[in-house]
Structure formats: C-alpha cells, structure tokens
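J.: Quick note: the sequence shown uses our numbering, first residue 225, plus one each step.
Note that beta-carbon positions come from the ideal geometry of N, C-alpha and C, so glycine has one too.
Because the structure is a prediction, the values reported are computed rather than measured.
I am attaching a structure below and will ask some questions about it afterwards.
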Amino acid sequence: MKLPERIRIVLLTLSVGLASLALTTWLWQHEQRSLEANLRADFDFSVRQTTSRVEQRIAAYEQILRATRGLFDASDRVEERDFQRFVNTLANGSEFAGLQAMVFTRSPTAVSPADAVAALRVGSKPDLPLQASADLNGVAPITYVAPDTPINRQVLGRNLFANPLRRDTMLQARDSGDIAITPRIDLLMDDPASQPAFAIYMAIYAQGQPVDTPAARRASLRGWVHVAFRLHDLMASLYGESTPGIALRIYDGIRTEPDNLMFDSHPETDAPTPLFQATEYISFPQHAWTLQIRSTAAFERRHERDSARIIAFAGASVGLLLALLTWQLATGRARAYKHARRMTRELRDSEERMRHMAQHDALTQLPNRALFADRLNAALALARRDKTRASLMFVDLDRFKPVNDVYGHAIGDRLLVAAAARMRECLRESDTLARMGGDEFVVLLPHIETDHDAERVAERIRTALARPFLIDTHTLLISASIGIGIFPDDGNDHESLIKSADDAMYRAKDSGRDQLIFASGP
225 MKLPERIRIV LLTLSVGLAS LALTTWLWQH EQRSLEANLR ADFDFSVRQT TSRVEQRIAA
285 YEQILRATRG LFDASDRVEE RDFQRFVNTL ANGSEFAGLQ AMVFTRSPTA VSPADAVAAL
345 RVGSKPDLPL QASADLNGVA PITYVAPDTP INRQVLGRNL FANPLRRDTM LQARDSGDIA
405 ITPRIDLLMD DPASQPAFAI YMAIYAQGQP VDTPAARRAS LRGWVHVAFR LHDLMASLYG
465 ESTPGIALRI YDGIRTEPDN LMFDSHPETD APTPLFQATE YISFPQHAWT LQIRSTAAFE
525 RRHERDSARI IAFAGASVGL LLALLTWQLA TGRARAYKHA RRMTRELRDS EERMRHMAQH
585 DALTQLPNRA LFADRLNAAL ALARRDKTRA SLMFVDLDRF KPVNDVYGHA IGDRLLVAAA
645 ARMRECLRES DTLARMGGDE FVVLLPHIET DHDAERVAER IRTALARPFL IDTHTLLISA
705 SIGIGIFPDD GNDHESLIKS ADDAMYRAKD SGRDQLIFAS GP
C-alpha cells in the first residue's frame with residue numbers, strides 16, 4: 225500500500241475518531257441538559273404540591289371556624305353541651321386532623337365581674353388583691369373548650385387578652401369580620417411550651433345586627449371562636465404522602481432567619497447545597513408564612529441514569545456503525561421530544577386536577593364557596609354594568625339530619641349527590657349551583673327578566689327535591705326551604721345579597737319548611 229493511501233486511511237481514521245469524540249461530547253451535554261430539565265420539572269411540581277397541601281389544611285380549618293360561627297348565628301344562646309356536641313361531630317371528619325382544641329370566648333362586655341376577676345387571678349395566688357386600676361372590661365376568659373379532655377379543660381377561664389399577640393389578633397378578627405391568625409405562640413395547655421403553635425380566630429356577632437362596618441362589628445360582638453394547633457401536628461395530618469427527596473422549612477413571617485424557623489422536615493446541619501431551591505408564601509390577613517423548599521440527594525438519586533456508559537458505547541460504535549448511529553440519533557431525539565411532551569401533558573393534567581379540587585366540593589363536584597364567590601362577584605358586576613337583574617337563592621334541605629342519624633353518613637352522602645343532580649337539571653347552563661357545606665346549597669341566576677323567573681326556577685327545585693329518593697333499598701323523603709334574593713332590590717353587593725337570601729331561607733324554615741320565600745316578601 226502506497227504511503228499516500230496510508231495517510232488517507234490515518235486521516236480518515238482520525239476524522240472518524242474526532243467526529244465520534246465530538247458527537248459523544250454533544251450527546252453527553254444533551255443528556256445532562258435533559259436530566260436537569262426533568263429534575264427541574266419534577267421539582268417545580270413538588271413545590272406546587274407541597275404548598276397546596278399546607279394551604280388546603282389551613283382552608284379546612286377556616287371552614288371549621290365558619291361552620292362553628294354558623295352554630296352561633298343559628299341560636300341566640302349556645303350552651304356548653306351544644307358546643308361540645310357540635311365540635312365532637314366535627315372531630316370525626318378529616319378536616320379536624322391536627323387541631324388541639326376548638327375554643328369559644330365571650331366578648332369582654334358579656335363577661336360577668338366575677339368571671340373577669342377570676343380570669344385576672346388565673347396563675348396567681350388566690351388571695352392576691354387586684355389593683356384598683358384593673359380593667360375588668362379588658363378580660364376575655366375562655367368560656368367553652370372542646371374536645372372535652374383533661375389537658376384542654378385546664379385552660380377554661382384563662383384570659384386570652386393577657387397575651388398581646390392573641391389580643392391583637394382577636395381585635396383584628398373582630399374589626400375585619402374575617403379570620404385572623406396569630407404569629408407563633410405557645411398553647412395555653414403546653415406548660416412549659418413544647419412546640420410552635422398558632423391560633424386562628426373568627427368573631428361572632430349578635431343576630432340581626434348590622435356588621436357592614438368596623439364600628440358596627442365592634443358594637444354587635446358576641447365573642448370569638450378559634451382553633452388552636454401545633455404546626456408539627458398540622459404537618460403530620462396533611463393529605464397524601466410527601467414527595468421523596470424534598471425538604472421543607474416553614475418560617476413565621478417573610479424573613480428566613482433561624483429565630484423564625486418553625487418546622488424543618490430535614491434538620492441535618494451538614495446538608496450539602498441543594499441543587500434546586502424555591503421560596504413560596506402563604507398569606508393570611510396581615511401575616512404570612514414562608515415555605516422554603518429544597519431538593520436533597522435522595523431527590524437526585526430518583527432520577528439517576530447510567531448514561532455515561534451508554535454514551536461511551538455509542539461514541540465507540542460511531543466509526544463502525546455510522547448509519548445505525550444516525551438512525552439512533554434521529555429516533556432518540558424523537559423519543560426525547562415525545563417524552564418531554566408527555567411530561568408536559570401530565571403536569572398540565574395534574575395542575576388542572578389540583579385546580580379543580582381547590583375550587584369544587586369533593587362530594588358533589590359542585591363549585592365550592594370560593595369559586596361561587598368569584599362567579600357571584602362577576603355576575604353582579606355584569607348586571608350592574610348592564611343594569612339588569614340577577615337572583616341568588618339559598619337552598620336548605622329539610623329533614624336531612626334524620627337521614628344521617630338513621631341510615632348513616634354513607635347514605636346521607638349519596639342523598640346529597642342525588643339532590644345536587646336533581647337541582648342541576650332545573651337550571652340553565654349559565655346558572656351556577658354550589659354547595660356551601662352540610663346540606664346547604666346556593667343557586668345563582670346571573671340574568672332574570674322578572675322576579676317570576678326566579679320564582680319559577682325555585683319552584684322547580686322545590687318540586688324536584690320533594691319527590692322520593694331511592695337510595696339502595698331505602699325510600700327517603702326530604703324537602704327544601706328556599707330563600708330568594710333579587711339584585712339590586714335586596715342587595716347591591718354580594719354581602720348584602722347573600723344576607724338577604726340567607727335570612728329569607730331561615731324565614732322559610734321557620735314558616736314550616738318546604739316552601740320558598742322572597743327576601744323582600746312578608
């Protein structure tokens with residue numbers, strides 16, 4: 225073989241080797257980028273999932289508070305046994321998980337002087353004289369506590385106003401009419417303090433009194449209900465399983481300083497710098513929690529691939545099987561794109577499921593309170609702009625509680641689903657049916673011509689619910705009390721319209737049930 229031919233072979237060999245090396249290097253970089261993209265997508269999903277689980281638990285606590293306020297709104301006087309029975313019923317649900325206690329506290333103006341003196345002396349010697357300037361009106365002693373356990377009962381009579389953090393939060397809840405959460409506190413039953421804890425307060429107002437301004441809310445205050453919980457108990461009660469390899473720290477406030485740290489799922493002091501890290505915030509009225517979420521070595525191991533050996537084999541085979549390698553590259557890229565599209569679709573589907581869960585009732589799949597509030601505000605804004613009329617109905621199922629008591633909650637749940645299906649059949653596609661909780665539903669008719677339109681729909685609903693329901697082998701009979709509010713006659717905003725329809729519904733129940741009453745009617 226001539227020298228020039230040998231040179232050409234050497235050059236060709238070197239060229240193939242260099243091309244193989246260059247291709248191998250490119251493949252290795254591509255694999256690294258693909259791995260990092262997959263890791264980032266998985267981590268971002270884990271961040272959303274972790275934050276959503278905490279937010280859903282806090283939202284469940286808020287719903288418990290609203291349900292308890294409804295107990296007080298329904299009665300001029302709630303005795304301790306009524307409070308205990310109601311809370312014990314709530315305690316059987318998963319929403320109560322993680323809570324230490326549900327507490328009712330009377331407003332200072334409703335506390336007797338003797339109870340006020342006793343509250344001021346809690347923790348002191350029984351014969352300790354009070355200063356002449358002691359403010360007995362500034363005392364808010366714990367009145368009821370549930371569940372009725374020895375550790376919970378020891379806080380009865382304790383003055384919540386003695387703690388400035390609790391007092392400020394209670395006054396904030398009173399003036400806003402909404403929930404208010406304390407900064408980190410120590411539970412009264414934890415003596416000495418053991419874990420970071422919080423209390424969420426909601427004010428209770430006198431029946432029939434206006435509460436549309438802070439001054440009106442102060443004047444009609446009856447007291448507060450609040451839930452007390454330890455953060456570690458809350459985290460232990462979350463739905464589902466946490467994502468493996470994800471570490472979570474929760475800070476009180478927006479500053480991620482050691483003094484503000486309340487929870488650390490992976491408290492290793494020598495942990496390496498995480499590959500991924502994100503910061504999320506859960507906002508409350510005038511307060512926030514900071515969630516610092518980071519990946520661990522276990523997270524990265526879940527995505528490990530033995531890619532180096534595969535790439536080396538492919539690079540060594542390029543010179544001999546160039547055609548096959550070209551085919552592998554083409555099909556490999558197509559598979560990578562297909563895999564990326566599948567992951568994107570799965571993430572999008574998962575986000576849609578989570579969004580649906582956050583906005584719909586788990587039992588009936590109807591819109592929940594939050595989604596209904598958005599639709600109501602949008603409908604009223606449109607009606608206000610176009611100067612049209614709309615209607616809001618409160619529908620309460622009569623004789624539903626005996627069904628639960630006699631046949632059990634499983635039959636009761638199926639009855640609720642069947643009742644919701646019948647009501648949906650009575651509505652237009654543009655109307656909204658939502659479940660507010662328990663056996664209470666609301667109906668939004670975003671556009672009506674006359675009051676008779678609303679009356680006709682309400683009568684269809686009442687008639688449909690009055691027909692017998694066949695659940696398994698049981699024939700169940702219920703009815704509905706319906707209160708109807710008309711926009712703008714009965715309310716020019718969502719709060720006043722809701723109150724008008726709710727009051728009308730209670731008048732329907734008080735008038736014998738199984739009927740409908742307009743808010744502006746007699």
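(1) Assign arginine 613 to buried or exposed, taking buried as 16 or more other Cβ atoms, counted over all protein chains shown, within 10 Å of its Cβ.
(2) Is the beta carbon of alanine 427 sitting closer than 8 Å to the one on alanine 452?
(3) Per the contact definition of three or more C-beta pairs closer than 8 Å, is the stretch 301-315 in contact with the stretch 466-473?
(4) From tyrosine 368 to glutamate 260, what distance separates their C-alpha atoms?
(5) In this structure, does DSSP put leucine 455 in helix, strand or coil?
(6) List, from N- to C-terminal side, the alpha helix (DSSP H) runs of 4 residues or more that fit wholly inside the stretch 617-672.
(7) Is it right to say phenylalanine 450 is buried, meaning 16 or more other beta carbons lie within 10 angstroms of its own, or is it exposed?
(8) Between Leu445, Tyr425 and Ile424, which lies nearest to proline 434 when the distance is taken from Cα to Cα?
(9) Near alanine 421, which residues of its chain fall below 8 Å by C-beta distance, leaving aside the five closest residues on each side in sequence?
(10) Given this structure, state the Cα-to-Cα distance separating serine 244 from glutamine 253, to the nearest angstrom.
(11) Apart from the five residues on each side of it in sequence, which residues of its chain come closer than 8 Å, Cβ to Cβ, to serine 735?
(12) Only counting the same chain, and skipping five residues up and downstream in sequence, which positions put a Cβ closer than 8 Å to that of glutamate 683?
(13) Between which residues of its own chain and arginine 737 is the CB-CB distance below 7 Å, once the five residues before and five after are set aside?
(14) So, threonine 437 versus threonine 480, is the Cβ gap smaller than 8 Å?
(15) Identify the continuous alpha helix (DSSP H) that holds serine 507 and give its terminal residues.
(16) Taking the runs of the beta strand (DSSP E) that are 3 residues or longer, which of them lie wholly in the stretch 394-432?
(17) Could you tell me which whole beta strand (DSSP E) segments of length 3 or greater appear in the stretch 257-287?
(18) Between the C-alpha atoms of leucine 590 and alanine 645, what's the straight-line distance to the nearest angstrom?
(19) Quick check on arginine 301: does DSSP put it in helix, strand or coil?
(20) I'd like the list of long-range same chain contacts for proline 509, defined as Cβ closer than 8 Å, with 5 residues on each side in sequence excluded.
(21) Compare the beta carbon distance of alanine 284 and proline 371 with 8 Å and say whether it is the shorter of the two.
(22) Return the bridge partner residues of serine 519 from the DSSP annotation.
(23) For arginine 648, tell me which candidate among His633, Gly661, Gly381 and Val666 has the shortest Cα-Cα distance.
(24) For glutamate 673, tell me which candidate among Val641, Ile710, Asn387 and Ile282 has the shortest Cα-Cα distance.
(25) With DSSP as the reference, label leucine 462 as helix, strand or coil.
(26) Does aspartate 734 come out as helix, strand or coil in the three-state DSSP assignment?
(27) Which same chain residues, not among the five before or five after serine 461, have their C-beta less than 6 Å away from its C-beta?
(28) Is the stretch 652-666 touching the stretch 594-603, taking contact as three or more C-beta pairs under 8 Å?
(29) Given this structure, state the Cα-to-Cα distance separating glycine 447 from serine 258, to the nearest angstrom.
(30) DSSP has threonine 699 in a bridge; who is on the other side?
(31) Determine which residues share a DSSP beta bridge with phenylalanine 711 and list them.
(32) Using 8 Å as the threshold, is the C-beta distance between alanine 732 and alanine 743 below it?
(33) From this set, Asp585, Val681, Val619 and Met459, which residue's C-alpha is nearest arginine 652's C-alpha?
(34) Nearest to phenylalanine 310 by CA position, among Arg330, Ile288 and Thr329, is which residue?
(35) Glutamate 524 to methionine 617, Cα distance in whole Å?
T.: Judging by the given coordinates:
(1) buried
(2) no
(3) no
(4) 55 Å
(5) helix
(6) 624-631 and 633-649
(7) According to the sequence provided, residue 450 is histidine. The question's phenylalanine does not apply to it. With 16 or more other Cβ atoms within 10 Å, it is buried.
(8) Leu445
(9) Gln324, Arg408, Ile409, Asp410, Leu411, Asp414, Ala452, Phe453, Arg454 and Leu455
(10) 14 Å
(11) Ile741
(12) Leu740
(13) Asp622, Ser703 and Ser705
(14) no
(15) It is not in any alpha helix (DSSP H) - serine 507 instead sits in the beta strand (DSSP E) that spans 501-508.
(16) 421-429
(17) none
(18) 10 Å
(19) coil
(20) Gln396, Ser400, Asp402, Ile403, Ala404 and Ile405
(21) no
(22) Ile470
(23) Val666
(24) Ile710
(25) coil
(26) helix
(27) Ala321 and Gly322
(28) yes
(29) 58 Å
(30) Leu694
(31) Ala614
(32) no
(33) Val681
(34) Ile288
(35) 53 Å
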